[in-house]
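Okay, so here's the structure we're looking at.
Numbering (the working numbering), first residue to last: 24 to 363.
Spelled out as structure tokens, the structure:
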């Protein structure tokens, strides 16, 4: 005999609350005391309760789903943002679906179309390019959305990003303060506005101090390309005294290229990395890094998206957060020039 499905009433009885309270907790429709909400979730888990999402979709016309599209699921920055988003929305009764555009506009279009077919309550997009042609699909679907990280400077959409010019500036300033003048910037993809802005911030610091502009090497968007292109450049040019890497993949690429050529950090070259992960702190020579505020980014994205889902019609908000420099042991004064 087929067992009767667990209902909201069963969960309410086990938790000692009303069915309405269970619904408020599991659907995030109204705030509930934290201890009471935890009791409801524990009761639902113990009973194996599964919410009827199809019924909810029929009632409201929208699924309690937030769709997130990122350029690359191999990139730890993007996955960290997704993880932080999930932590924010889960307690309000929303589920998360995630897809990757692989950094290609055509794939981005098809992934967005597939996600919109789920009729999500809201959408978060980190675009594959500055142009972001797929935005027309979202507008046509009339789904609340937030653009994050790679900002298209479109005043019609809520955006959340870091101050990329300032991020590049603080890395360059730290190197200059430690005596460096011959600095190589490892940039990933210069057609992306956020990377160009980081380069511009670094260049502005050099210009303000009367220093020569830093050399910029475009490494490509993944670790393998970054490693090979930097190794090739180092093989053909006099080594700089310092490298400023502008993404986590260019940081890894720089480390790999330097190791390949037997160049030590910071004895021969100083290195500032980008993003700040545990492995950077766990190295024998802990890595100085520019930290993006992941928690604040996730919270800001969800705050704006939830406000739109709840009917906020105020003008688009453009939230820009500050990065910080985590100074560690990978920076030293320039080594005497003996050739490497």
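For each residue, glycine too, the CB sits at the ideal point set by N, CA and C.
Given a threshold of 16 other Cβ atoms within 10 Å of its Cβ, counted over all protein chains shown, does residue i qualify as buried or as exposed?
i           : result
residue 187 : buried
residue 77  : For residue 77, the pLDDT reaches just 47, beneath the cut-off of 50, and the residue's location in the model is therefore unreliable, although a value from the coordinates is still provided. The residue in question, residue 77, is exposed, as its Cβ has fewer than 16 Cβ neighbours within 10 Å.
residue 189 : buried
residue 232 : exposed
residue 202 : exposed
residue 329 : buried
residue 165 : exposed
residue 173 : buried
residue 260 : exposed
residue 321 : buried
residue 247 : exposed
residue 171 : buried
residue 58  : exposed
residue 224 : buried
Enumerate in chain order the residues of its own chain whose CB-to-CB distance from residue i is below 8 Å, with the five nearest sequence positions on each side excluded.
i           : result
residue 243 : 211, 212, 249, 252
residue 97  : 245
residue 127 : 151
residue 99  : 271, 298, 300
residue 136 : 160
residue 89  : 108, 112, 117, 118, 119, 120, 143, 144, 145, 146, 147, 328
residue 139 : 90, 146, 160, 161, 164, 166
Taking the alpha helix (DSSP H) that residue i belongs to, which residues open and close that run?
i           : result
residue 333 : No alpha helix (DSSP H) holds residue 333; DSSP gives it neither H nor E.
residue 273 : 271 to 283
residue 63  : 57 to 70
residue 213 : From DSSP, residue 213 is part of no alpha helix (DSSP H); its letter is neither H nor E.
residue 164 : 158 to 164
From which residue to which residue does the beta strand (DSSP E) around residue i run?
i           : result
residue 347 : 347 to 349
residue 181 : 181 to 185
residue 40  : Run containing residue 40: none; DSSP gives neither H nor E here.
residue 219 : Not the beta strand (DSSP E): residue 219 falls in the alpha helix (DSSP H), residues 216 to 231.
residue 297 : 293 to 297
residue 241 : 238 to 241
residue 146 : 143 to 148
residue 248 : First-last for residue 248: 246 to 259, but that is the alpha helix (DSSP H), not the beta strand (DSSP E).
residue 174 : No beta strand (DSSP E) contains residue 174, which DSSP labels as neither H nor E.
residue 341 : 341 to 344
residue 265 : 265 to 268
By Cβ distance, which residues of its chain are closer than 7 Å to residue i, with the 5 residues on each side in sequence left out?
i           : result
residue 81  : Residue placement at residue 81 is poorly supported in this model, since its pLDDT is 45, which falls under 50; the coordinates are not used for a value here.
residue 245 : 272
residue 200 : none
residue 288 : 281, 294, 308, 353
residue 228 : 192, 195, 196, 199
residue 11  : With the chain covering 24 to 363 only, the question about residue 11 has no answer from this structure.
By Cβ distance, which residues of its chain are closer than 6 Å to residue i, with the 5 residues on each side in sequence left out?
i           : result
residue 299 : 312, 314, 349
residue 307 : none
residue 334 : none
residue 331 : 167
residue 132 : 157
residue 63  : 38, 45, 48
residue 36  : none
residue 323 : 183, 342
residue 207 : 238, 263, 266
residue 185 : 315, 344, 346
residue 67  : 34
residue 216 : 153
residue 221 : 187, 190, 191, 269
residue 181 : 169, 327, 339, 340
Tell me whether residue i counts as near the ligand FMN, meaning its Cβ is closer than 7 Å to at least one heavy atom of that ligand.
i           : result
residue 334 : As for the ligand FMN, it is missing from this structure, which has no ligand bound.
Against chain C, with Cβ distances strictly below 8 Å, would residue i count as a contact?
i           : result
residue 291 : Looking for chain C here will not work: only one protein chain is present.
Along the chain, which unbroken stretches of the alpha helix (DSSP H) at least 4 residues long are found entirely within the region 299 to 332? 301 to 305, 317 to 332, all fully within the region 299 to 332.
Quick one: any contact between the region 253 to 260 and the region 276 to 287, if contact means 3 or more CB pairs under 8 Å? The answer is yes - the region 276 to 287 touches the region 253 to 260, with three or more Cβ pairs under 8 Å.
Taking contact to mean at least 3 C-beta pairs separated by less than 8 Å, is the region 84 to 98 in contact with the region 116 to 125? They touch, by the three-pair rule.
Curious, which full-length beta strand (DSSP E) runs of at least 3 residues does the region 90 to 129 contain? Taking 3 residues as the minimum length, the beta strand (DSSP E) runs contained wholly in the region 90 to 129 are 118 to 123, in order along the chain.
Is the number of C-beta pairs between the region 341 to 357 and the region 284 to 301 that are closer than 8 Å three or more? Yes, the region 341 to 357 is in contact with the region 284 to 301.
Is it a yes or a no for the region 94 to 109 touching the region 133 to 152, going by three-plus beta-carbon pairs under 8 Å? The region 94 to 109 vs the region 133 to 152: in contact.
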